[in-house]
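The block underneath contains the structure these notes are about, expressed in C-alpha cells.
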Amino acid sequence: MGKYSKYIGIAFVFLLLALVRWFQNELFYDPYLLFFQNDYLYMDSPRQETLKLVASTALRFFVNTGLSLLVLYLFFKDISIVKFSALVYGVSFCILIPLFLFYVLDPKQENYYLFFNIRRFLIQPILLLLLLPAFYYNRLNQ
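Each step along the sequence shown adds one to the number in numbering that gives the first Met the number 0, with nothing skipped, and position 11 is 10.
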C-alpha cells in the first residue's frame with residue numbers, strides 16, 4: 000500500500016467515524032442526546048427503554064471500536080498494536096458498561112456529570128484520540 004493510499008484510507012475511516020456521529024439520531028436509540036444538549040443539571044432524567052438503550056450504546060461502542068482499530072492498523076501496520084488496542088477497548092467496555100447501566104437505572108442529579116462522561120467514552124471514539132498519539136510517540140522513541 001502506497002503512502003497516498005494509506006492516508007486516503009485513514010481519511011476515509013475518519014469520515015466513517017464522522018458519519019456515525021452525524022447520523023447518530025437515525026442510527027442509534029439514545030434519549031440522552033437531547034437531554035445532555037440542554038441544561039441537564041436542572042432536569043430529571045428522561046424516560047428510556049433500558050435494554051434498548053444499553054444495546055444501542057454497546058452497538059455504537061463496537062462500531063466506533065472497529066473503525067478505530069482500522070485507523071490504528073492503517074496508520075501503523077502493526078498487528079500487535081491492534082491486538083493491544085483491542086484489549087484496551089475490551090477492558091474499557093467491561094468497566095464502563097456496568098457503570099453506564101448503574102447510572103441509567105439509578106439516575107441522580109448529582110451524578111449526571113459523571114454519567115455524561117462515562118456515556119461519552121462509550122459513544123465517541125475518545126480512546127482513539129488517546130491511543131493514536133501514544134503509539135506514535137512510542138514509535139518515535141524506539
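Glycine included, C-beta positions come from ideal geometry on N, C-alpha and C.
Item to check | Spatially closest choice to Ala54 from Tyr111, Val70 and Phe99, by CA coordinates | outcome: Phe99
*Pairwise C-alpha distance: Arg59 and Ala17*: 13 Å
Drop a sphere of 10 angstroms on the beta-carbon of Val90, count the other beta-carbons inside from all chains shown, and report buried for 16 or more, exposed for fewer. exposed
task = Under 6 Å Cβ to Cβ from Glu48, same chain only, skipping five residues before and after it: list those, please.
result = none
* What residues in its chain sit with their C-beta under 8 Å from that of Trp21, if we drop five residues either side in the sequence? -> none
Exercise. Out of Thr64, Leu52 and Tyr28, state which residue places its alpha-carbon closest to the alpha-carbon of Ile125.
Key: Thr64
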